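Numbering (our numbering), first residue to last: 3 to 149.
Quick look at the structure:
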């Protein structure tokens with residue numbers, strides 16, 4: 003009941019989405035916040051437990067990695083890149099398409115230990131999702147191979 007969906011960024015569909023939310027009587031449950039700077043974005047992530055991303059096609063999403071780094075639990079569409087990121091529910095849940103597929107989502111969410119997953123997701127990004135350490139490992143490996 004106290005949950006709220008926060009939609010960040012902007013695009014050509016925003017006005018239509020806002021109208022749809024209002025027509026459904028959900029204006030108090032959905033906030034469109036537009037583009038955020040890094041400080042504002044971090045503040046929203048700090049208040050969030052869950053991060054929802056349901057595109058129909060995508061590669062690894064920077065926003066998903068950002069959410070993980072801030073300790074959010076992921077609810078992601080059924081894409082190969084998302085399955086690779088979360089493993090077998092190790093870091094979140096895959097949300098299948100279709101109405102009946104969502105019937106068990108509340109129970110699946112309740113079964114997760116969100117506090118533990120926040121730590122797991124932050125640690126996973128620190129170990130696997132940061133650009134600089136991977137570049138340094140690659141350069142070290144190149145040096146090793148050339149000697």
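All residues carry an ideal CB built from backbone N, CA and C; glycine is no exception. The structure presented is a predicted model; accordingly, all values stated were derived computationally and were not measured.
In this structure, 65 is the residue among 36, 108 and 65 with its C-alpha nearest to the C-alpha of residue 87.
Here residue 79 carries a strand assignment [DSSP, helix/strand/coil].
Collapsing the DSSP output to three states places residue 21 in a helix.
Between the stretch 19-31 and the stretch 46-59, the count of Cβ pairs shorter than 8 Å is below three; the stretches do not touch.
For residue 89, no beta strand (DSSP E) encloses it, and the DSSP letter there is neither H nor E.
About 6 Å separates the Cβ atoms of residue 33 and residue 6, confirming a contact at the 8 Å cut-off. Within the stretch 23-82, the complete beta strand (DSSP E) segments of 3 residues or longer fall at 32-36, 52-55 and 75-79, listed in chain order. A direct Cα-to-Cα measurement between residue 145 and residue 138 gives close to 11 Å.
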